[in-house]
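All the letters of the sequence shown, read from the start, carry residue numbers 39 to 331 under this note's numbering.
Positions of the beta carbon are idealized from the N, C-alpha and C atoms, including for glycine.
On a predicted model such as this, the values are computed, not experimentally measured, just so you know.
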Amino acid sequence: NSLLSEYGVMGFEYGYAMASPKKLVIWEAQFGDFHNGAQIIVDHFFTTAEEKWKIFNGLVLLLPHGFEGQGPEHSSARIERFLSLCAGNNIQVANCTTPANYFHLLRRQMMRNFMKPLVVFTPKSLLRHPKCISDITELSQGSFKEIIDDPNTDPTQVERVLLCSGKIYYDLLEEQQKKAYNNTAIIRLEQLYPLPIHQLQQTLKRYSNVRHLVWVQEEPQNMGAWPFMAMNLSPLKLSVIARPPSGSPASGSSKFHLMQQRKIVEKAFEECDCPDVCFDCKQLCISNLVTIQ
Numbered sequence: 039n040s041l042l043s044e045y046g047v048m049g050f051e052y053g054y055a056m057a058s059p060k061k062l063v064i065w066e067a068q069f070g071d072f073h074n075g076a077q078i079i080v081d082h083f084f085t086t087a088e089e090k091w092k093i094f095n096g097l098v099l100l101l102p103h104g105f106e107g108q109g110p111e112h113s114s115a116r117i118e119r120f121l122s123l124c125a126g127n128n129i130q131v132a133n134c135t136t137p138a139n140y141f142h143l144l145r146r147q148m149m150r151n152f153m154k155p156l157v158v159f160t161p162k163s164l165l166r167h168p169k170c171i172s173d174i175t176e177l178s179q180g181s182f183k184e185i186i187d188d189p190n191t192d193p194t195q196v197e198r199v200l201l202c203s204g205k206i207y208y209d210l211l212e213e214q215q216k217k218a219y220n221n222t223a224i225i226r227l228e229q230l231y232p233l234p235i236h237q238l239q240q241t242l243k244r245y246s247n248v249r250h251l252v253w254v255q256e257e258p259q260n261m262g263a264w265p266f267m268a269m270n271l272s273p274l275k276l277s278v279i280a281r282p283p284s285g286s287p288a289s290g291s292s293k294f295h296l297m298q299q300r301k302i303v304e305k306a307f308e309e310c311d312c313p314d315v316c317f318d319c320k321q322l323c324i325s326n327l328v329t330i331q
């Protein structure tokens, strides 16, 4: 029941977090898209206050983010915008896929002896996803995992590695298990910034027979984490599977959304029979089909 002014309320929470450094202060958007109403707070305080004024803050932003067929105003928390503001370890950006990792992320935020703002992208559909669960021992033990390796594959048999972040993992996992793709591993980046490059390198060393290394995301190619990954992981020679570049974050058609989502999964596992399956696909086959309908 708080005031419907993202600018005002996020500004208040930022100030409260600064005045109460030992408290876990969280601002959650109704949908991540709505944080743009508080862009001034994000640009002038949240991401830059430490560098400009040596002011430290531990505010946590929970931004619901995920392409779930809810349309262009209820799908994207603009991961690309936050990652474009990342430099000098100024903030933390995470996109968790398990309850335990989310818990340990918030716990880490309070247990550290320094303060950094934290952005967490939180897909609404994972609240009720049957596979998005954690055992009680995973919460009572362990710590936050910046990267989660594939527990279901034999590294010696893997020829294709899919890197991803967020809820797209569960779409890929369902296809991997349904079709028994033993030659494809799925690695999750739970922390997008600071980018866990060392952990990623150590994880990839396990897969000595890899021929294809692919970044998979449900966002358009010019959005999401891909622009940041393309710049910072260029030595890995990643290819990308994503929605075609777009000015709008998502389609307004739920039918078109489902077709695009399915095509991303098909391309990730090389099921698509399009001649551009390994290249820069624009999903023209879907566009033509929708036009015909």
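Continuous alpha helix (DSSP H) stretch holding Y140: start and end: Bounds of the alpha helix (DSSP H) holding Y140 are P137 to M149.
Straight-line Cα distance separating A67 from M336: Since the displayed the chain opens at 39 and closes at 331, residue 336 lies outside it and no answer follows.
The stretch 220-232 touching the stretch 189-203, judged by at least three CB pairs closer than 8 Å: They touch, by the three-pair rule.
V248 beta carbon less than 8 Å from that of R198: Yes, they are a contact pair.
Short Cβ contact (8 Å threshold) for L201 with A132: No Cβ-Cβ contact shorter than 8 Å links L201 with A132.
CB contact flag (S289, Q298, <8 Å): Yes.
Given A57 as reference, the closest of L271, N128, M153 and P110 once Cα atoms are compared: With respect to the C-alpha of A57, the residue from L271, N128, M153 and P110 having the closest C-alpha is M153.
Beta strand (DSSP E) segment containing L42, residue limits: Taken as a continuous stretch (DSSP letters only), L42 belongs to no beta strand (DSSP E), as it is neither H nor E.
Residue from F141, E304, P234 and D187 with nearest C-alpha to I174: Comparing Cα positions, the closest option is F141.
Three-state secondary structure (DSSP) of F120: DSSP places F120 in helix when its eight states are reduced to three.
Counted within 10 angstroms of its Cβ, other Cβ atoms place Y208 as buried (16 or more) or exposed: With 16 or more other CB atoms across the displayed protein chains lying within 10 angstroms of its CB, Y208 is buried.
Distance between L97 and C134 (C-alpha atoms, nearest Å): Taking the Cα positions, C134 is about 18 Å away from L97.
Secondary structure of H295, DSSP reduced to three states: The DSSP-derived three-state label of H295 is helix.
P161 and G104 closer than 8 Å at C-beta: Less than 8 Å separates the beta-carbon of P161 from that of G104.
Three-state secondary structure assigned by DSSP to R281: Three-state DSSP puts R281 in a strand.
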